[in-house]
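Peer 1: Sharing a structure with you now.
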Amino acid sequence: MADAETGNAVGGIGLWLQNLAKGRAAAGYSVSPARRGRGFAGAALQALTTFAWTIPALHRIELYIEPWNTGSIRVAESGGYLREGLLHSYQEIGGTRRDMLLYAITRNTAHPETRHRRTRTECGGVARDSADES
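Be aware that the sequence shown starts at 28, since it is given in the working numbering, and climbs by one per residue.
If you want it as structure tokens, here you go:
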């Protein structure tokens, strides 16, 4: 993830497809603390989600978010992801078991206005505009 104006790296985003045979993928993102609150994660998640729906076998994208991470929760919700629940002691981070919120979006419940919102982000060194579908 890079700032489209400067080309400087601001964070990272990924789509993990190990459960694609089951129609599922997981997404994750992080932004440098100095760059948070500027819309980078939201734009990147929107671009990633739009791209993900081009994969025919994919029907569901999941996000796992620590409950204290209100910024990431806002990004997920603004991207059309819905909170499905709290997973107790779901993942070990730094030697400690952590709870995770499960957010997800599905192909058949994604709203066109969140799935195809026009965004500009830089992914992999290439600035891209996600096209509105009419």
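Think of the CB as a built atom: it goes at the ideal place given N, C-alpha and C, for glycine as much as any other residue.
#1: If you count every other CB in all the chains shown that lies within 10 Å of the CB of I120, and 16 or more means buried, which is it?
#2: With H, G and I counted as helix, E and B as strand and the rest as coil, what does DSSP make of A131?
#3: Using the Cβ count rule (16 or more neighbours within 10 Å means buried), how would you classify S116?
#4: Using DSSP with H/G/I as helix, E/B as strand and the rest coil, what is T81?
#5: Do G69 and V37 come within 7 Å of each other at the CB atom, strictly closer than that value?
#6: Less than 8 Å between C-beta atoms, sequence neighbours within five positions excluded: which residues of the same chain meet that for N35?
#7: With respect to the alpha helix (DSSP H) encompassing S99, which residues constitute its N-terminal and C-terminal limits?
#8: Please report the distance separating the alpha-carbon of G112 from that of P83.
#9: Using DSSP bridges, identify the partner residues of L113.
#10: For Q73 and G122, what's the separation of their Cα atoms in angstroms?
Peer 2: This is what the structure holds:
#1: Answer is exposed; the Cβ neighbour count stays below 16.
#2: Correct three-state label for A131: strand.
#3: Its Cβ having fewer than 16 others within 10 Å, S116 is exposed.
#4: When secondary structure is reduced to three states using DSSP, T81 falls in the coil class, being assigned neither helix nor strand.
#5: No, they are not a contact pair.
#6: Closer than 8 Å at Cβ, skipping near neighbours: A29.
#7: Element bounds for S99: T97 to S105.
#8: Spanning the two alpha carbons is a distance of roughly 26 Å.
#9: Per DSSP, L128.
#10: Those two C-alpha atoms are separated by around 32 Å.
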